[in-house]
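Trainee:
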Amino acid sequence: MKEVDIKKREFFKAVGGISVLSLLTSCEADVYSLPEKKPPVPGAEKWYEGEEKYIKSVCGQCPVNCGIIVRVVEGRAVKIMGNPAASPNRGVLGPKGNSGIMTLYDPDRIKHPLKRVGKRGEGKWEKISWDEAIKIVAQKLKEKVEKGESRKIAILCGRPKGFTRELFERFADVLGTPNFYDFFEKSYSPRPILEAMREAFGVWDLPGFDSQKTQYILSLGSAMFESTCHGIRFARAVYEIRYRYPARRGKIVQVDPFLSATGSQADEWIPIKPGKYDVFALGIANVLISENMYDRDFVEKKTEGFERFGEIAREYTPERVEKETGVPAHDIVRIAREMWNSRPSISLVDERSTSTTNGLHIACLSLCLNALLGSINSPGGLVLRPPIKFSNWKDVKRKTKERKIPFADLPDSDVDTFLFYYMNPVYSEPAGERWAKLLEKADFVVSFSPFEDETSLFADIILPDHTYLERFEDAQSFSSIPFAGFGIRKPVVYPLYDTKNTGDTIILIAKEMGFEDEFYWEDFEEAVKERLKNFDIDEVEEKGWWEDPEKKWADFDKFRFCSHLPPHEPEWKGDGLYLLPYKSTTYGEGSGANIPYLMELSARIKMLPAYMSYETFVEISPELAEKLKLSNFERVYVVSDTGKIKAKVLIKEGVPPDVVLVELGRGHKAFGRFAKGRGANPREIIVPLKSIVGNLALWTTRVKIEKA
Ligand code: SF4
C-alpha cells in the first residue's frame, strides 16, 4: 500500500499536479475508452471515465531524445506523437519512437526485483523485495570495498549523457573504482568522432550541423536516413534543402561500399572500397587545395597544422586515390568542385562510417574537409554547441587515481563485480561469448535491465528499471542539433509493476552503504532538480523542451588539422568477402528486436513478406550468387575464422561482389518472446579487433559463404 502511495505521489509531482478543476475540464468522452471492458491500470481510479490527457515528455528509445506528446486515456498511454517544440525532431518521430507504447506494455518486462536461484545464464529466479535486494547489493559492494578490491568493480552505464550517467559515475568515484564505462566504450559508438573533435577543437562533444541551410552534403558512409542519431533531423533538413528554394536545390552525395537506404535516397551514390573514406577525403582535400578552392581566411586565422596536412594531401592525387578506393578520379575532382561551388557544403560521418579500425582517421579527415570549405561555425556548416549551464551537485572526492582497464580488455581482466545499466555486451559486443565466460565466473553481477536480456541472464540480482514512460529524469539530446537544448522526461502513467527509477535505486544502495553525505537527496527527482536550478522547470515541463534562446555557437581557439597522417589501412581478418553488418532502419542494433512491429516493418522496408521478418538474411550481389550458384532464400552458412552463422540468401543490386551484408539486431538468446531465438547475430562471427581509439571495430572480418 505504501509503495502504491509513493508511486502516486511521484506521478502527480512529475506531471505538475493535476488539479480537480483540470480533471473536470479535460473530461471528454473517448469512444475507444470503455473502462468496464478493460482491466484496470495502476492509478485508474484517479481518472474520470473518458478522460484523456496529452502529456509532454521525451522519448527514451534511443539517445537522440526526441520530444514527445503522449495521449493518455484513463491512465493508459495509447499514442505517442512528436513535440514540435523539441529541436531534435520538431514534431516528427521515428518508428522506434512510435513503438514506445509496446515497450511499456511488453508482456515480458521484469515486474519486480529478482534473485538468481539457478546457475548463471540459466534464467532461474526468485522474487524478492526491494529492501532485500538493495541490502544484498549494498552488502556485497561494501565487502568488496572493505577488502580493498574496489578496482575489481566495473560499472557499465550505456548512456552517452545525462544526470543518470553522472550519478553512476559518482557512485564509481565513491566506491573507489576507476572502471566506469559509458555508451562510448561500446563497439558501435561514435567514439572515433568524439576523439577527432577533441583533437581538432579540444572539446568532447559531437558536432552540431546547421543543416537546414546546407546546400551540399557529402556523406562519407553516414547512415543519415537510417538508424542514426542524425536521422530524424536530417530527414527534415534534406526536405528543406531540396524543396524550400525552387531555384536552388541542394545535393546529397552518399559515398558507401553498398547501396544503403541512405544511398537510395541521395542524389548520387558513389561506391567505394570498405573503410577507405579517409583516403577518399584526402583526394577531395587534394583537389580543393591544388585548385585553390579553400577558405584561406579561415585556414590562416583559425587553424593549425595546415602546412603538413597540405603536403600530405598533395600526395593523394585523384589518380592515386582512384587506385586505393575504387572511386574514379574524375568523380573525385567533380565532387570537390561541386562542394566548393555549392557552399555551404558539409562532410558528414557517423558511427557506421567509422566502424573500421581506422575510424579515427575517417572522422578527423571529414572534419578537415569542413575546415577547408570554411564550413565551421558558419551558417549551413558544422557548429560547436556551448555547454548547457546546469548547476553542480556537491563535489565528491574521487577515491582512486588508478587507470581504468580498457573496456575491450575487460573480458581478460580480473574484474569480478559488475553493474550493468542499458549495456548488454554478451549480445552486442563482437565475440560476446568472451563476456559470457567472464560473467559465468564473476563474483557478483547486478543488472538494472527492465528486460531479461543476454547479460542480465548472468546477474545475481536484477533491480528492474521503470520504462522511460514511467520515470523522471533529464533528457540531454545526443543529436546533431546546432544549439544547446534538453528536455525533461517524466512519468506519463503510473508504474505498471514493482519497478524503480534506477536513479532512485542507486541513491538507496549508496545510502545503505553509508554514503549519505555524497548521495544526500531524498530521491533522484530532487537530484535532477538541483542540477536544473538555473532553469524554470515548470516552463520546461510545459513546453517539453528547453533550447538556447540565442541559439549561440561555442567559440574555439584553433582548429587543428589531422595529425594521423598518412592514414592507416583498415585491418581485416581472414580472407574472402567483406562482412559489413549494419543497423536496422527500424529496430536499431538490436535493442528494438523485442518489438514485433519494428521487426515486421523492417521486412516490409526490404520488400519482404512479414512472415520473413524474423529471419537473418545475408545480402549478396547477383554476380556472387551466380558464382556460388545460390538462389534467393536458400539457406547458407556465413563462415569466419571464429565461427559461423546460418542465414538465408537475399540477392540485391547495389551490393559489390566482394561484400556481404548482414543486418544487426536478430539472433537474441534472451530478451523476451518476440526476440529470443529469431535469426542469427553476426557479431558472433566478428573477429574482435581494437580500433585506434580502443573500442572494438565492427567491420573487421572477411568471410566465406557455404551452402547449409
Ligand atoms: S530517434 Fe530515438 S529518440 Fe527520436 S523518436 Fe526515434 S527512437 Fe525516439
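Per the numbering used here, the very first residue in the sequence shown carries number 1325; after that it's consecutive.
For every residue, glycine included, the Cβ atom is placed at its ideal position computed from N, Cα and C.
Given the structure is predicted, the values throughout are model-derived calculations rather than measurements.
Suppose the cutoff is 6 angstroms on Cβ atoms and the five residues either side in sequence are ignored; what does the same chain contact list for Met1405 look like?
Mentor: As a working note, residue 1405 is residue 81 in the sequence shown. Hits under 6 angstroms: Ile1393.
Trainee: With a threshold of 16 other CB atoms inside 10 Å of the CB of Glu1675, please say whether the residue is buried or exposed.
Mentor: Taking the first residue of the sequence shown as 1, we reach residue 1675 at position 351. Buried: at least 16 other Cβ atoms inside 10 Å.
Trainee: Would you check if the distance between the CB atom of Ser1702 and the CB atom of Pro1668 is smaller than 8 angstroms?
Mentor: Here residue 1702 refers to the residue found at position 378 when the sequence shown is read from its first residue. Here residue 1668 refers to the residue found at position 344 when the sequence shown is read from its first residue. Against a cut-off of 8 angstroms, the Cβ pair of Pro1668 and Ser1702 comes out as a contact.
Trainee: Kindly list the residues whose CB is nearer than 6 angstroms to the CB of Leu1903, restricted to its own chain and excluding five residues on each side of it in sequence; keep chain order.
Mentor: In the sequence shown, counting from the first residue as 1, residue 1903 sits at position 579. Correct list, in chain order: Val1984, Thr2025 and Val2027.
Trainee: Just jot down, in chain order, the residues whose CB lies closer than 5 angstroms to any heavy atom of the ligand SF4.
Mentor: My final list is Cys1383, Gln1385, Cys1386, Val1388, Cys1390, Leu1417, Gly1418, Lys1420, Gly1421 and Ile1556.
Trainee: For Pro1894, which residues in the same chain have their Cβ closer than 6 angstroms to its Cβ, ignoring the five residues on either side in sequence?
Mentor: One-based indexing of the sequence shown puts residue 1894 at position 570. Excluding residues within five positions, the ones whose Cβ falls inside 6 angstroms are Gly1599, Thr1680, Thr1681 and Asn1682.
Trainee: Would you call Asn1716 buried or exposed, if buried means 16 or more other Cβ atoms sit within 10 Å of its Cβ?
Mentor: As a first step, residue 1716 is located in the sequence shown; it is residue number 392 there, counting from the start. The residue in question, Asn1716, is exposed, as its Cβ has fewer than 16 Cβ neighbours within 10 Å.
Trainee: With 16 as the cutoff for other CB atoms within 10 Å, does Ile2029 come out buried or exposed?
Mentor: Within the sequence shown, numbered from 1, the residue matching residue 2029 stands at position 705. Classification of Ile2029: buried, given that the 10 Å Cβ count is 16 or more.
Trainee: In chain order, which continuous runs of the alpha helix (DSSP H) of length 4 or greater are located wholly inside the segment 1905 to 1988?
Mentor: Complete alpha helix (DSSP H) runs here, min 4: 1920 to 1929 and 1946 to 1952.
Trainee: Quick check on the DSSP output: the beta strand (DSSP E) that includes Pro1419 runs from which residue to which?
Mentor: Residue numbering aside, residue 1419 sits at position 95 when the sequence shown is read from its first letter. Segment Pro1419 to Asn1422 is the alpha helix (DSSP H) holding Pro1419; no beta strand (DSSP E) there.
Trainee: Nearest-angstrom Cα distance between Trp2023 and Ile2010?
Mentor: Translated into the one-based positions of the sequence shown, residue 2023 becomes position 699. Translated into the one-based positions of the sequence shown, residue 2010 becomes position 686. If you take the alpha carbons of Trp2023 and Ile2010, they lie about 8 angstroms apart.
Trainee: From the DSSP output, read off the bridge partner residues of Tyr1274.
Mentor: Outside the displayed span of the chain (1325 to 2032) sits residue 1274, for which this structure offers no information.
Trainee: Once the 5 residues before and after Lys1942 are set aside, which same chain residues still bring their CB inside 8 angstroms of it?
Mentor: Within the sequence shown, the letter at position 618 stands for residue 1942. Before going further, note that residue 1942 is Val rather than Lys in the sequence given. Same-chain partners within the cutoff: Val1960, Val1962, Ala1971, Lys1972, Val1973, Leu1974, Val1984, Leu1985, Val1986 and Ile2029.
Trainee: With a threshold of 16 other CB atoms inside 10 Å of the CB of Ser1908, please say whether the residue is buried or exposed.
Mentor: The residue given as residue 1908 occupies position 584 in the sequence shown. Buried.
Trainee: Keeping to the same chain, check which residues put their C-beta closer than 8 angstroms to that of Asn1858; ignore five residues upstream and five downstream.
Mentor: Numbered from 1 along the sequence shown, position 534 holds the residue referred to as residue 1858. So the qualifying residues of the chain are Lys1713, Phe1714 and Ser1715.
Trainee: Kindly indicate which three-state DSSP category Leu1345 falls into: helix, strand or coil?
Mentor: For the purposes of this step, residue 1345 is taken as residue 21 along the sequence shown, with counting starting at 1. Since pLDDT at Leu1345 reaches only 36, below the 50 mark, its modelled position is unreliable, and no value is offered.
Trainee: Alpha carbon to alpha carbon, how far is Ser1671 from Tyr1567? Give it in angstroms, no decimals.
Mentor: One-based indexing of the sequence shown puts residue 1567 at position 243. One-based indexing of the sequence shown puts residue 1671 at position 347. Cα to Cα, Tyr1567 sits roughly 21 angstroms from Ser1671.
Trainee: Is Glu1628 helix, strand or coil by DSSP?
Mentor: As a first step, residue 1628 is located in the sequence shown; it is residue number 304 there, counting from the start. Looking at Glu1628 - three-state DSSP - the assignment turns out to be strand.
Trainee: Count the other CB atoms, across all protein chains shown, that sit within 10 Å of the CB of Met1663; report buried if there are 16 or more and exposed otherwise.
Mentor: Numbered from 1 along the sequence shown, position 339 holds the residue referred to as residue 1663. Buried.
Trainee: What are the residues that DSSP puts in a beta bridge with Ile1477?
Mentor: By one-based count along the sequence shown, residue 1477 stands at place 153. Ile1477 is bridged to Thr1741.
Trainee: I need the DSSP call for Arg1494, collapsed to helix, strand or coil.
Mentor: Within the sequence shown, the letter at position 170 stands for residue 1494. It is helical.
Trainee: In the DSSP output, what is Thr2039 paired with across the bridge?
Mentor: With the chain running from 1325 to 2032 in the structure shown, residue 2039 is simply not present.
Trainee: Since Glu1592 is in the beta strand (DSSP E), which residue starts that stretch and which ends it?
Mentor: Stepping through the sequence shown from its first residue, residue 1592 is reached at position 268. It spans Glu1592 to Pro1595 - the beta strand (DSSP E) in which Glu1592 sits, taken as one unbroken run.
Trainee: Could you have a look at Asp1798 and say whether DSSP puts it in helix, strand or coil?
Mentor: Position 474 of the sequence shown, counting from 1, holds the residue named residue 1798. Note: Asp1798 maps to strand in three-state DSSP.
Trainee: Quick one: Cα of Ser1350 to Cα of Glu1376, how far?
Mentor: Translated into the one-based positions of the sequence shown, residue 1350 becomes position 26. Translated into the one-based positions of the sequence shown, residue 1376 becomes position 52. Note that Ser1350 scores 43 on pLDDT, short of 50, meaning its location in the model is unreliable and no value can be drawn from it.
Trainee: Express the C-alpha separation of Glu1871 and Gly1809 in angstroms, rounding to a whole number.
Mentor: The residue you call residue 1809 lines up with position 485 of the sequence shown. The residue you call residue 1871 lines up with position 547 of the sequence shown. About 4 angstroms.
Trainee: Which word fits Lys1420, buried or exposed, when buried means at least 16 other C-beta atoms lie within 10 angstroms of its C-beta?
Mentor: Taking the sequence shown and counting its residues from 1, the one referred to as residue 1420 is at position 96. By the neighbour-count rule (16 or more Cβ atoms within 10 Å), Lys1420 is buried.
Trainee: Would you mind listing the beta strand (DSSP E) stretches within the segment 1416 to 1473 that are 3+ residues and don't spill past its ends, in chain order?
Mentor: The qualifying runs are 1438 to 1440 and 1449 to 1451.
Trainee: Enumerate, from N- to C-terminal direction, the unbroken beta strand (DSSP E) stretches of 3 or more residues contained entirely within the segment 1523 to 1599.
Mentor: Counting only runs of 3 or more, we get 1540 to 1544, 1575 to 1580 and 1592 to 1595.
Trainee: Count the other CB atoms within 10 Å of the CB of Phe1848; is the residue buried (16 or more) or exposed (fewer)?
Mentor: Here residue 1848 corresponds to residue number 524 of the sequence shown, with the count starting at 1. Phe1848 is buried by the Cβ-count criterion.
Trainee: Who are the Cβ neighbours of Glu1592 in its own chain at under 6 angstroms, not counting the five residues just before and after it?
Mentor: Within the sequence shown, the letter at position 268 stands for residue 1592. Closer than 6 angstroms at Cβ, skipping near neighbours: Val1577.
Trainee: DSSP puts His1685 in a beta bridge; with which residues?
Mentor: Position 361 of the sequence shown, counted from the first residue, corresponds to residue 1685. According to DSSP, His1685 bridges with nothing at all.
Trainee: Assign Cys1351 to one of three DSSP states: helix, strand, or coil.
Mentor: The count along the sequence shown starts at 1 and reaches residue 1351 at position 27. Confidence is the limiting factor: at Cys1351 the pLDDT is only 45, short of 50, which leaves the residue's position unreliable, though a coordinate-based value still follows. Cys1351 falls in the strand class under three-state DSSP.
Trainee: Closest to Glu1764 by C-alpha separation, out of Phe1957, Glu1446 and Gly1391, would be which residue?
Mentor: Mapped onto the sequence shown, residue 1764 falls at position 440. Selected option, being the one with the closest Cα: Glu1446.
Trainee: Have a look at the DSSP bridge pairing and note the partners of Phe1672.
Mentor: Walking along the sequence shown from the start, residue 1672 turns up at place 348. In the sequence as displayed, the identity of residue 1672 is Leu instead of Phe. Answer is Ser1543.
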